[in-house]
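Numbering (our numbering), first residue to last: 617 to 1047. Cβ coordinates follow ideal geometry from the N, Cα and C atoms, glycine included. Every value quoted in this text rests on a predicted model; they were computed, and no experiment measured them. Input: a single structure, listed below in structure tokens.
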Amino acid sequence: MNKTVGFISGILAIVLAVALSIVLPIPTPQSRTVSLPVSRLMACPVGDANLGNTAVTITDMQPFTAELIGEPPEDETTHLVLENPAKPIIVRGSASVGGISSYTERGLTMMAPCAAPITTGSWNGVMTHDTQTALIFSNVDNTSAVVDVFLYSATGPITGPGLLDVPVGPGATQMLSINQLVENQMIPTDTPISVHIRTSKGRVAALLRSISPLGAQWQHPQAVADTTMVMAGIPSGAGNRILSITNTDQTRQATVAVDILGEMGRYSPPGLETIEIPPSRVVNLDITQALGAQAASIQLNSDLPISAAVAVIDKDIAGISAQPPLGGEVVIPPVGGILWVANPGAEPTTISLYAVDDTGAGAVIETPVPPLTMVRVDFPSKGHLVKISTTSKDLRTTIAITEGPSWAVFPITSGGVVSDVSVPRLDPGLG
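Spelled out as structure tokens, the structure:
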């Protein structure tokens, strides 16, 4: 009898414990988070020291190091100016470190931002008619890299020797003449083509250099093909504006919706609202009349990943590739011109400029950016540094310098934002 009572009591105790655990769950420890710092590695391009002069300016509000590729780094600093370096500059710093390279040759000036190395990249709207166009890439690492180059035209892929498995030694720079490759394959040169690279080993810093009787440029690449993209800061002017879109898919056609973001809002260009891009083809669209000589940004939405750029043929030439969002904050030198800010998102936001003059005094300029529009902000030309920041995940920012004989249009992005991650819980089983 006592055994039966004990057994029943035990069962009741277990049932009661289960019921209480459901009604009153056992409290779990509160998860803790810790800030994960974000660092940035950039490469700053340089020109030919025998033919012209390069000036590289790097700045941040936190210490960074800089070095010539393959050489030991200099001491930490927050501001650095290098005159006519013989090799590209490697910068290691916080997520906000930024820099600008400017190269002048025979009265022509080319400018580009210091940017992160890439494993894939594309340049659209590439001119080859009466133009010396070269793809220049540098290996930023201490191990060898291998690069594949792919060319596409309006009639399909362009093949030829010397495009695949291009070796690039540690710290070395390679240059491929694009116009010579096109001419050797008897491809018509009157329409733009696209240039794509992919590394099967390592990573490279890459730019496309074009020199013609109309001007010269360093064109920044689109790092990753995407289904949604924005080309911000197309300058106003009476010249031609060519939208070039590439679909590298070998079997499927891409359907692309085109919208224009102007200072008065968003609109679809009549007759160009939707574009069909055949497999492995480039489609070039003259959007000069659609822009009406006004400054604008182009937004594309596609059912397949594509790459795109706008070629500007005016008092100078410029190629504006699709770009990622600003993504936090970045510090760059005061280079003048206009900061164009495109907001393709549905929510209003702001862009903030914190300018520090040579005395160390700072001033903040807050500019509202309505949704589906583009705004202009005069960018300082004097002082010590300018910090550009936003909390938006959508804003694209471009600096356009169009005063004088040489134009420069280049994207501005940060190295990312500081994120919070959960602290791993203690696992006694790990010892």
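Check: Counting along the chain, where does the alpha helix (DSSP H) carrying residue 904 start and finish?; Outcome: 904-907
Check: On the three-state DSSP scale, how would you describe residue 798?; Outcome: helix
Check: The beta strand (DSSP E) spanning residue 845 covers which residue range?; Outcome: 842-850
Check: Look up residue 936 in the DSSP assignment and say whether it is helix, strand or coil.; Outcome: strand
Check: Per the contact definition of three or more C-beta pairs closer than 8 Å, is the region 750-767 in contact with the region 810-822?; Outcome: yes
Check: For residue 677 versus residue 947, is the C-beta distance shorter than 7 Å?; Outcome: yes
Check: Just checking: is the beta-carbon of residue 1025 within a distance shorter than 7 Å of some beta-carbon in chain B?; Outcome: Chain labels in this structure do not include chain B; a single protein chain is all it has.
Check: Per the DSSP calculation, residue 877 is bridged to which residue(s)?; Outcome: 882 and 913
Check: Can you tell me the Cα-Cα spacing of residue 582 and residue 819, whole angstroms?; Outcome: Nothing in the structure corresponds to residue 582, since the chain is present only between 617 and 1047.
Check: My understanding is that residue 1063 touches residue 786, with C-beta atoms under 8 Å, so please give their C-beta distance in whole angstroms.; Outcome: As displayed, the chain neither begins before 617 nor continues past 1047, which places residue 1063 out of reach and without an answer.
Check: Identify the continuous beta strand (DSSP E) that holds residue 738 and give its terminal residues.; Outcome: 736-742
Check: What residue range is occupied by the uninterrupted beta strand (DSSP E) comprising residue 834?; Outcome: 831-835
Check: Roughly how many whole angstroms lie between the Cα atoms of residue 966 and residue 795?; Outcome: 42 Å
Check: Between which two residues does the beta strand (DSSP E) holding residue 945 run?; Outcome: 945-948
Check: Which residue marks the beginning of the beta strand (DSSP E) containing residue 771, and which one marks its end?; Outcome: Counting along the chain, residue 771 falls outside any beta strand (DSSP E), and DSSP gives it neither H nor E.
Check: Using beta-carbon positions only, say whether residue 943 and residue 1029 come within less than 7 Å of one another.; Outcome: yes
Check: State the DSSP-derived secondary structure class of residue 679, mapped to helix, strand or coil.; Outcome: strand
Check: Within 8 Å, do at least three Cβ pairs link the region 929-937 to the region 883-898?; Outcome: no
Check: Which same chain residues, not among the five before or five after residue 784, have their C-beta less than 8 Å away from its C-beta?; Outcome: 753, 754, 755, 760, 761, 762, 763, 790, 818 and 820
Check: Enumerate in chain order the residues of its own chain whose CB-to-CB distance from residue 672 is below 6 Å, with the five nearest sequence positions on each side excluded.; Outcome: 660, 698, 705 and 717
Check: Could you tell me the alpha carbon to alpha carbon distance between residue 691 and residue 919, rounded to whole angstroms?; Outcome: 48 Å
Check: Relative to the C-alpha of residue 733, which residue among 840, 700, 1007 and 847 is closest?; Outcome: 840
Check: By the 10 Å Cβ neighbour count, where 16 or more other Cβ atoms means buried, how is residue 959 classified, buried or exposed?; Outcome: buried
Check: Which class does residue 1030 belong to by DSSP, given the choice of helix, strand or coil?; Outcome: coil
Check: Pull up the DSSP beta-bridge partners for residue 793, would you.; Outcome: 750
Check: When the Cα atoms are used, what is the spatial distance from residue 651 to residue 915?; Outcome: Only weak support exists for where residue 651 lies, its pLDDT of 47 falling under 50; the value from the coordinates is given anyway. Cα to Cα, residue 651 sits roughly 34 Å from residue 915.
Check: Would you mind sorting residue 687 into buried or exposed? The rule is 16 or more other CB atoms within 10 Å of its CB.; Outcome: exposed
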